[in-house]
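One structure is given here, and the rest of the page talks about it.
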Amino acid sequence: SRLIEVHSPDAKHTVVLRSKDSATAQAWFNAIHSSVNELIPRVIAEVRDQLGKTGIAGSREIRHLGWLAEKVPGDNEKHWKAVLVVLTEKDLLIYESMPRMKEAWFSPLHTYPLLATRLVHSGPGKGSPQSGVDLSFATRTGTRQGIETHLFRTETSRDLSLWTRNIVQGCHNSAELITEITTSCTYKNQECRLTIHYEHGFSLTTELQDGAFSKTIAQYPYEKLKMSSDDGIRMLYLDFGGKDGEVQLDLHSCPKPIVFIIHSFLSAKITRLGLVA
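So, in structure tokens, the structure goes:
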């Protein structure tokens with residue numbers, strides 16, 4: 132292609148440049164793209180200075196940011212839009228444009244906890260403008276409304292490697308940072324609290340009348356988990372084998388966030404052992 136698209140940071144303007152041939156267009160693209168990438172560390176530093184100790188949308192630190200093309204849901208395979216994606220120490224944030232004011236950084240279009248997010252696709256696909264190779268990756272996040280999926284496209288293979296590596300490492304670092312999550316549930320007609328710990332595994336505690344959660348009724352390390360499943364509505368099934376068998380938990384809401392968090396904890400632990408998740 133002889134065409135290059137340049138988008139303004141506020142996402143309101145697009146300039147299309149046409150070169151005399153594809154080689155010239157590629158040379159200009161490489162020069163512009165390299166300059167943009169070189170500016171990213173400076174942009175991150177400036178945003179940190181602008182936000183100060185308040186952080187960004189509930190997080191403390193920006194680990195990476197940049198522009199990606201996001202697939203717009205629908206039947207049109209060519210319908211993509213530019214979005215600004217920010218990775219913090221615990222969240223993936225999506226903005227429709229580059230925030231100019233400090234307050235705008237606190238209101239992303241989407242906020243997804245990395246602990247409940249996984250990378251599900253990375254690599255060549257269909258319909259890419261670059262020699263028939265689509266440099267895309269997809270993320271899935273477990274939310275209270277179910278699973279949310281986003282398909283992103285990068286402009287170079289280097290960008291694809293950088294983004295996928297940062298997301299996977301971000302999920303693992305988030306697991307080590309957060310360490311433990313708890314949620315209320317019903318187990319065998321008892322109101323309980325399920326705790327999932329990064330190191331120690333699963334525990335169920337009953338609620339006493341004074342509101343404390345002190346009586347442990349079941350505890351399982353990750354090594355005992357044979358299989359997990361859910362009904363997508365409210366039930367979580369954990370099969371620990373042996374005499375315990377399948378533990379059925381009513382989470383009172385969509386179980387997908389817990390399912391994804393279990394996956395993140397396990398993936399981080401496997402990676403820490405030097406194995407491939």
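Counting from 1 along the sequence shown, just add 131 to a position and that's the residue number in our numbering.
Just so it is clear, CB atoms sit at the ideal spot from N, CA and C, and this is done for glycine as well.
| message | To the nearest angstrom, how far is the alpha carbon of ILE392 from that of PHE160? | response | Spanning the two alpha carbons is a distance of roughly 39 Å.
Whole angstroms are fine: how far does the CA of VAL137 sit from the CA of HIS144?
Between the alpha carbons of HIS144 and VAL137 lies a gap of roughly 8 Å.
**Coil, strand or helix - ALA349 by DSSP** = ALA349 falls in the strand class under three-state DSSP.
key: Beta-bridge partners of ARG284, as assigned by DSSP   = Beta-bridge partners assigned by DSSP to ARG284: ALA200, SER267.
Original post:
Does the Cβ-Cβ distance between PRO352 and GLY332 come in under 9 Å?
Top reply: For the 9 Å CB-CB criterion, PRO352 and GLY332 form a contact.
| task | May I have the straight-line CA-CA distance separating GLU201 from ARG284, to the nearest angstrom? | result | When the Cα atoms are used, GLU201 and ARG284 turn out to be separated by approximately 6 Å.
Among the candidates ALA247, ASP370, ASP362, ASN297, whose CA atom is the shortest distance from the CA of THR310?
Comparing Cα positions, the closest option is ALA247.
Original post:
Taking buried to mean at least 16 other C-beta atoms within 10 Å of its own C-beta, is ILE298 buried or exposed?
Top reply: With 16 or more other Cβ atoms within 10 Å, it is buried.
Cβ pair count under 8 Å reaching 3, the stretch 386-402 against the stretch 352-365:
Between the stretch 386-402 and the stretch 352-365, the count of Cβ pairs shorter than 8 Å is three or higher; the stretches touch.
Discussion item. Let me check one thing: in DSSP terms, what residues is GLY254 bridge-paired to?
Written reply: The partner list for GLY254 (beta bridge, DSSP) reads SER267.
Practice prompt. Specify, as a first and last residue, the run of the beta strand (DSSP E) that GLN379 falls within.
Written response: Going by DSSP, GLN379 is part of the beta strand (DSSP E) stretching over 377-381.
How big is the Cα-Cα spacing for PRO172 and LEU196? Rounded to the nearest whole angstrom, the C-alpha separation of PRO172 and LEU196 is 9 Å.
For ASP361: DSSP bridge partner residues: BP columns for ASP361 point to LEU367.
Check your understanding: How big is the Cα-Cα spacing for ARG133 and SER150?
Key -> ARG133 and SER150 have their C-alpha atoms spaced approximately 5 Å apart.
* Considering only residues of the same chain and omitting the five flanking positions on each side of ALA142, which have a CB-CB separation below 7 Å? -> Hits under 7 Å: ALA213, GLU227, SER228.
- Message: Measuring only the C-alpha atoms, how far is GLU286 from ARG296?
- Response: Each residue's CA atom was taken as its position, placing GLU286 and ARG296 some 16 Å apart.
* Determine the direct distance from the alpha carbon of GLU322 to that of ALA314, and round the result to whole angstroms. => The question names Ala, but residue 314 is Thr in the sequence shown. GLU322 has its alpha-carbon roughly 11 Å from the corresponding atom of THR314.
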